[in-house]
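Right, one structure below, let's go through it.
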């Protein structure tokens, strides 16, 4: 369920997003009534803690300070799963020049590894250009993966498939995610027979800290991952902006057999245009087309002073793309467009979208469906507010997306 914590739409979304990684799923039928009650009590305490923290937030500065304090408290109490989520939130709005931002990221990673240290999770550093792409693998169970401390780096990878493996799912994010965020949501897939392989590409997480900037040519980092692990048949799950990146990679690498867009993402400029009136959107596109660099920089910087959402989008966008001005950033993400490659997608495709997505126009769904003319099959699902999952990436109702993904994977086994 998508909950109300803040009147600020962006902040409210980010709190709900973090909540997904700390709330426990409803107890399965195999659990006792007492276990179910304990689970419900734990979730109630979590909601109370997050609600209390959210009530103290009035701006970006208080956001970071509040979640930092919550993270420090949780870490002291050895509640590492919660500490990781809170450090991540404390980091979110901090500028890339902030020393505190780096400290938040370091502690986020440290607490994440401690929270999941009992899992048979392997970390890898996949060679890419002059540095590496970070990756996490959790093999299908039952399998032969060794029991490892999750912070260990494995090299070279054990290439043997896990026993009874149904397939490999390659998972990545998009504009602002760390791969560790997806782990709590997807770590049960190995119990269903799938090996999950999460990675960060250029512009994301540790890869950006390694000097790699965001790129629309996602087939390049995907090739590096597939080559390193000697994979010839995978499903790819792109989350958020990954809804563009995943089909882009699939268009050029046919070792990808199934494509999952959670959610759809059609064009990079939708990030900005979706929040503008049609008239203002047309004006911005004309200014970009005619190269009005200084005017665009001036207009956007002025608007950023009073618009928290736009401020974050532009500031973070310049960081991940390695640009220094709004105009250059917009020209960069303008290259992220499915029209350039969608006709080359020949795989089975699952398209997911939320009816109330604040970042991606849901009307793009039909446009993408029509343009997937060579796909082996196209399955689409728009989640509504009445059922849940109506938000971006089904935040607040990800269990619904997970069900759709599992059904798709089962029905398109190659």
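Numbering (the numbering used here), first residue to last: 10 to 423. The beta-carbon is built from N, C-alpha and C at its ideal position, and this holds for glycine as well. Bear in mind that the values here come from a model prediction, so they are computed numbers and not experimental data.
Cα-Cα, which of 204, 322, 346, 53 is closest to residue 252?
Among 204, 322, 346, 53, the Cα nearest to that of residue 252 belongs to 346.
Can you find at least 3 beta carbon pairs, one from the region 217-236 and one from the region 258-265, that sit closer than 8 Å?
Taking 8 Å as the limit for Cβ pairs, the verdict is that the region 258-265 does touch the region 217-236.
Just to confirm, is the Cβ distance from residue 270 to residue 410 under 8 Å?
No, these two residues do not count as a Cβ contact at 8 Å.
Is the distance from the Cβ of residue 353 to the Cβ of residue 413 below 8 Å?
Cβ distance not < 8 Å, so residue 353 and residue 413 don't count as in contact.
Quick check on residue 336: does DSSP put it in helix, strand or coil?
Reduced to three states, the DSSP call for residue 336 is helix.
Does the region 184-195 come into contact with the region 206-217, if we say contact requires no fewer than three beta-carbon pairs (one atom in each stretch) closer than 8 Å?
The region 184-195 is in contact with the region 206-217.
Can you give, in chain order, each stretch of the alpha helix (DSSP H) that sits fully within the region 245-270 and has at least 4 residues?
Taking only runs of at least 4 residues, the alpha helix (DSSP H) segments lying wholly in the region 245-270 are 251-261.
What's the call for residue 113, buried or exposed, on a 16-neighbour Cβ count within 10 Å?
Counting Cβ neighbours within 10 Å, residue 113 comes out buried, since at least 16 surround it.
Just to confirm the assignment: which complete beta strand (DSSP E) runs, minimum length 3, are found wholly within the region 287-315?
Runs of the beta strand (DSSP E) inside the region 287-315: none found.
Which ranges does the alpha helix (DSSP H) cover as unbroken runs of at least 4 residues, wholly within the region 30-113, from first to last along the chain?
With a minimum length of 4 residues, the continuous alpha helix (DSSP H) runs that stay inside the region 30-113 are 42-63, 69-85, 89-101.
Decide yes or no for the touch test of the region 289-301 against the region 238-245: beta carbon pairs closer than 8 Å, at least 3 of them.
Too few Cβ pairs lie closer than 8 Å, so no.
Am I right that residue 405 and residue 98 are in contact with their C-beta atoms under 8 Å? What's the rounded C-beta distance?
Not a contact, Cβ separation roughly 16 Å.
Please look up how many angstroms separate the CB atoms of residue 407 and residue 388, rounded, as I've assumed it's under 8 Å.
Contact doesn't hold; Cβ gap of about 18 Å is too wide.
Anyone know if the C-beta pair for residue 267 and residue 200 falls short of 8 Å?
No, Cβ-Cβ distance for residue 267 and residue 200 is not below 8 Å.
Does the beta-carbon of residue 315 have 16 or more other beta-carbons within 10 angstroms, so that it is buried, or is it exposed?
Under this definition residue 315 is an exposed residue.
By DSSP, does residue 180 sit in helix, in strand, or in coil?
In this structure, residue 180 counts as strand in the three-state DSSP scheme.
Let's test the definition: count the other Cβ atoms within 10 Å of the Cβ of residue 366 and tell me whether it reaches 16, buried, or not, exposed.
Under this definition residue 366 is a buried residue.
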